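Take the sequence shown: its position 110, counted from the start at 1, is 111 in our numbering, and no numbers get skipped. Idealized CB from N, CA, C, for every residue including glycine. The model shown is predicted, which means the values in this text are computed figures rather than measured ones. Notes to accompany the following structure.
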Amino acid sequence: MRVVIDTNIFVSSFFGGKPRQIIDLWKNGNLILCLSGEILDEYVEILNRLGFRDREEMGELLKLFAENVNIRFTSKTPKLQLVQEDPDDDKFIECAVALGAGYVITGDKALKALEEYIGIRIVTPAQFLEQIMKV
């Protein structure tokens, strides 16, 4: 299953809980992480800015990114204007469209408010875990 994971979920995963469960699903090969250059740059920038640079988990993530483990990458995405409150969040939906992801997993209220775009479900970590348990 292909998913796009918002930066706030990656940050939250360092503290455990449902975000960590989602990242573990990706690391264990149960999810395919869809990335664009813009998203990857934001992950690294935010995690570094928050002081995670020297944490073991950060090194593990960077290694997974470098080795392309369970990842699909696109360098070309459509340009959409969907998240009026925070246009920077459009990149997550753009990536999902480009790579055929079924979900965008987010904790961002402005992005979550869309709920769905052309069949791509925009869900919280709890909603995602609940939905995949039904499958």
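Going by DSSP, R54 is part of no alpha helix (DSSP H) at all; its letter is neither H nor E. The continuous beta strand (DSSP E) containing F74 extends over residues I72 to T75. L34 carries a strand assignment under DSSP once its states are collapsed to helix, strand and coil.
Judged by DSSP secondary structure, I121 falls outside any alpha helix (DSSP H) and instead within the beta strand (DSSP E) spanning I121 to V124. In the structure shown, the three-state DSSP call for E61 is helix. Cα atoms of R3 and L32: separation of roughly 6 angstroms, rounded to the nearest angstrom. K110 and E68 have their C-alpha atoms roughly 32 angstroms apart. In the three-state reduction of the DSSP assignment, V45 falls in the helix class, which pools H, G and I.
Sixteen is the threshold: when 16 or more other Cβ atoms of the shown chains lie within 10 Å of the Cβ of P126, as they do, the residue is buried. With contact defined as three or more Cβ pairs closer than 8 angstroms, the region 15–33 and the region 85–95 are not in contact. Assignment of beta-bridge partners to E117 by DSSP yields R122.
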